[in-house]
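>
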Amino acid sequence: MASCLAKLQADEACRHLIKARTESRLHQLIRERQSWPSGSLGTAYINFMEANHYSHTLFPNPDFFNNLQSEYDYINYRIWHYHDIFHVVCDMPTTRQGELGLLAFIACQTKHPGVMSILISDMSYLLINKHDQADTLKASQQLIRQASHLARQAKPLFPVPWEEWLPRNLRRIRADLRLERPINQSASRPRTPDETRGSLSQLDRHRFPLEQTDVGLFAGGN
231 MASCLAKLQA DEACRHLIKA RTESRLHQLI RERQSWPSGS LGTAYINFME
281 ANHYSHTLFP NPDFFNNLQS EYDYINYRIW HYHDIFHVVC DMPTTRQGEL
331 GLLAFIACQT KHPGVMSILI SDMSYLLINK HDQADTLKAS QQLIRQASHL
381 ARQAKPLFPV PWEEWLPRNL RRIRADLRLE RPINQSASRP RTPDETRGSL
431 SQLDRHRFPL EQTDVGLFAG GN
């Protein structure tokens, strides 16, 4: 995690946020079903959650935040907490390829070892089974390349005050964060409930453990 912390602290806004350890209010706002304008991030996020059969109960409860003990814990908390917001602003589908693309994006922007471990594990599986998974492997490799390039040109997503940005126009947000680009979204259908449960089970097992060794994948991103 040391290289992840160093990467984030190189950005002034990230450094300030990690020091302040601001608690997210996203779960509270979603539970209250705030009314946001059409075309806003908040409306797009609610639609995303409903289309993918997700629930606000996936968010960590306040006790989780109150028990954070280190800077590393806070980084894990924030990346986990806003994972689906990143899906929306990056326009990444929740297909297997889309998840791999988003992991690549986060890995490039943060050097987070837990994210990179999941990415390596999933790509290793596809490579080992490349004869049976040839189309999936090719599509995943393409999206990972595109996502990695996007991550390097975009502004950091980690320090964005997402709760304050929920009423803002999503297109404007993407423009401000330099996230406007064409990415192949040919497999962007929402997951079925069974697929969603399987994916969340895997992420719950691996999502950003508190102790990880650094992995050198995508470490060269700026």
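The sequence shown maps to residues 231 to 452 in my numbering.
Ideal Cβ positions, reconstructed from N, Cα and C, are used throughout, including at glycine.
Mind checking whether residue 234 and residue 341 have CB atoms under 9 Å apart?
Yes.
> Residue 252 CB to nearest chain D CB: under 9 Å?
The chain labelled as chain D is not found in the depicted structure, where only one protein chain is given.
> Does residue 270 come out as helix, strand or coil in the three-state DSSP assignment?
Reduced to three states, the DSSP call for residue 270 is strand.
> Give the DSSP-derived three-state secondary structure of residue 359 in the structure shown.
Reduced to three states, the DSSP call for residue 359 is coil.
> Between 246, 283, 364, which has its C-alpha nearest residue 327's C-alpha?
Out of 246, 283, 364, 364 has the C-alpha closest to the C-alpha of residue 327.
> Could you tell me which residues DSSP pairs with residue 399 in its beta bridges?
DSSP lists 270 as partners of residue 399.
> For the alpha helix (DSSP H) containing residue 282, list its first residue and its last residue.
From DSSP, residue 282 is part of no alpha helix (DSSP H); its letter is neither H nor E.
> Residue 256: which of 240, 406, 245, 295 sits nearest, CA to CA?
Checked all of 240, 406, 245, 295; the closest Cα to residue 256 is 295.
> Do residue 314 and residue 275 have their C-beta atoms closer together than 9 Å?
Yes, Cβ-Cβ distance for residue 314 and residue 275 is below 9 Å.
> Taking residue 486 as the reference, give the member of 298, 339, 343 with the closest Cα.
As shown, the chain starts at 231 and ends at 452. That puts residue 486 outside it, with no answer to give.
> Where in the region 326 to 378 do unbroken runs of the alpha helix (DSSP H), each at least 4 residues long, occur, reported from the N-terminal end onward?
With a minimum length of 4 residues, the continuous alpha helix (DSSP H) runs that stay inside the region 326 to 378 are 326 to 340, 343 to 358.
> Report yes if the C-beta distance between residue 376 and residue 331 is below 9 Å; otherwise report no.
Yes, Cβ-Cβ distance for residue 376 and residue 331 is below 9 Å.
> What is the DSSP secondary structure of residue 324, reduced to helix, strand or coil?
The answer is coil: DSSP assigns residue 324 none of H, G, I, E or B.
> Taking only three categories from DSSP, how would you classify residue 312?
Three-state result, residue 312: coil.
> If we ignore side chains and look at the alpha-carbon of each, how far apart do residue 406 and residue 392 end up?
Going by the C-alpha atoms only, they are around 13 Å apart.
> Once DSSP output is grouped into helix, strand and coil, what is the label at residue 388?
Residue 388 falls in the coil class under three-state DSSP.
> Between which two residues does the alpha helix (DSSP H) holding residue 296 run?
Run containing residue 296: 292 to 296, per the alpha helix (DSSP H) assignment.
> Is the region 247 to 266 touching the region 352 to 362 in the sense that three or more CB pairs, one from each, lie closer than 8 Å?
Contact between the region 352 to 362 and the region 247 to 266 is absent, because fewer than three Cβ pairs lie under 8 Å.
> If you reduce the DSSP assignment to three classes, tell me which class residue 234 lands in.
Three-state DSSP puts residue 234 in a helix.
> Applying the 10 Å Cβ sphere with the 16-neighbour rule, what's the burial state of residue 293?
Its Cβ having fewer than 16 others within 10 Å, residue 293 is exposed.
> Which first and last residues belong to the alpha helix (DSSP H) in which residue 247 is found?
Unbroken alpha helix (DSSP H) run through residue 247: 242 to 250.
> Does DSSP put residue 264 in a helix, a strand or coil?
Coil.
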